[in-house]
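S.K.: Here's a structure for you.
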Amino acid sequence: MSYNKMSKKNISGLLEISKEEDNFNEKLGLDNRDKIILSLISKHSNISQEEIAKHIKLSQPSVGARIKKLRQKGILHNVNGVNFRIVNLNLAKVDVNSTDTTSIINEFKDCPFFINALITSGKYNLCLFFTAIDLKRLEGIVNHHLRNNSKVKDVELNLVISTTKDFVLPLNINHEDKKNLCDEKCKYCI
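Residue numbers for the sequence shown follow numbering that gives the first Met the number 0, beginning at 0 and rising by one.
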């Protein structure tokens, strides 16, 4: 009797997962072949359209058309950058509780050490990513631009120790470009 109940519970759980997956695929407008294409490209970024075509039993031009459609929808996008799982750079994740997230993001938009920002929910409403060769520079940026900012209520600086998967982010390494300096041209940055 308990085996039957467990089986029904497992089947019910699987059906629920299947419904969620269907909703996800429907929202993105994906069919099974699109899912396979995305899976293959995410695992093997340099895979050819011809190889994908063999996997899903379509012609290469059909695969090309599907990839083009996925790119136009924003579902498939290439990111060129630095793989932080491999390079020896400090990556800081800075959580901020701010009264004006847009203002904080704009302050860093041209900073060569700034990588990206996420507006989030929870205790902290902003997550910023910075990189630098040394920890002193990261601390200087955080202390000078965030801890002393009247629009910032709380700051937590954490270093990313490792990543499970490749973590590729665009990196601005053109430190000599004058437009990449903050308005204050402070000693903490360059």
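For every residue, glycine included, the Cβ atom is placed at its ideal position computed from N, Cα and C.
1) Residues bridged to Ile-97 by DSSP?
2) Around the C-beta of Pro-169, are 16 or more other C-beta atoms found within 10 angstroms, so that it is buried, or is it exposed?
3) Quick check on the DSSP output: the beta strand (DSSP E) that includes Ile-85 runs from which residue to which?
4) Where Ala-64 and Asn-77 are concerned, what is the direct C-alpha to C-alpha distance, given to the nearest angstrom?
5) If Asn-124 and Ile-118 are in contact, beta carbons under 8 Å, what's the gap, nearest whole angstrom?
6) Just to confirm the assignment: which complete alpha helix (DSSP H) runs, minimum length 4, are found wholly within the stretch 47-74?
7) Quick check on the DSSP output: the alpha helix (DSSP H) that includes Asn-31 runs from which residue to which?
8) What residues in its chain sit with their C-beta under 6 Å from that of Lys-4, if we drop five residues either side in the sequence?
9) Would you kindly work out how many angstroms separate the C-alpha atoms of Phe-129 and Gly-73, rounded to a whole number?
10) Provide the residue span of the alpha helix (DSSP H) that contains Ile-140, from first to last.
11) With the cut-off set at 9 Å, would you say Asp-99 and Val-154 are in Cβ contact?
12) Taking the C-alpha atoms as reference points, what is the distance between Ser-58 and Lys-26?
13) Taking all protein chains shown into account, decide if Leu-29 is buried (16 or more other Cβ within 10 angstroms of its Cβ) or exposed.
14) So, with DSSP's three-state summary, where would you put Phe-112?
15) How would you label Phe-23, buried or exposed, when you count the other beta carbons within 10 angstroms and need 16 or more for buried?
16) Apply the 10 Å Cβ neighbour rule to Leu-90 and answer buried if 16 or more other Cβ atoms are within range, or exposed otherwise.
17) In the DSSP assignment, the beta strand (DSSP E) including Thr-130 goes from what residue to what residue?
18) Between Arg-136 and Ser-41, what straight-line distance do the alpha-carbon atoms span, to the nearest angstrom?
19) Given this structure, state the Cα-to-Cα distance separating Ser-102 from Phe-113, to the nearest angstrom.
M.R.: According to the data block:
1) The residue you asked about is not Ile; residue 97 is Ser in the sequence shown. Per DSSP, the beta-bridge partners of Ser-97 are Val-151.
2) exposed
3) First-last for Ile-85: undefined, no H or E at that position.
4) Rounded to the nearest whole angstrom, the CA to CA distance from Ala-64 to Asn-77 is 17 Å.
5) 6 Å
6) 48-55, 59-71
7) 31-42
8) Per-residue confidence for Lys-4 stands at a pLDDT of 48, beneath the threshold of 50, marking its modelled position as unreliable; the derived number appears in the next sentence. Around Lys-4: no qualifying Cβ.
9) 25 Å
10) 134-141
11) no
12) 26 Å
13) buried
14) coil
15) Flag for Phe-23 reads exposed.
16) Leu-90 should be labelled buried.
17) 125-131
18) 34 Å
19) 14 Å
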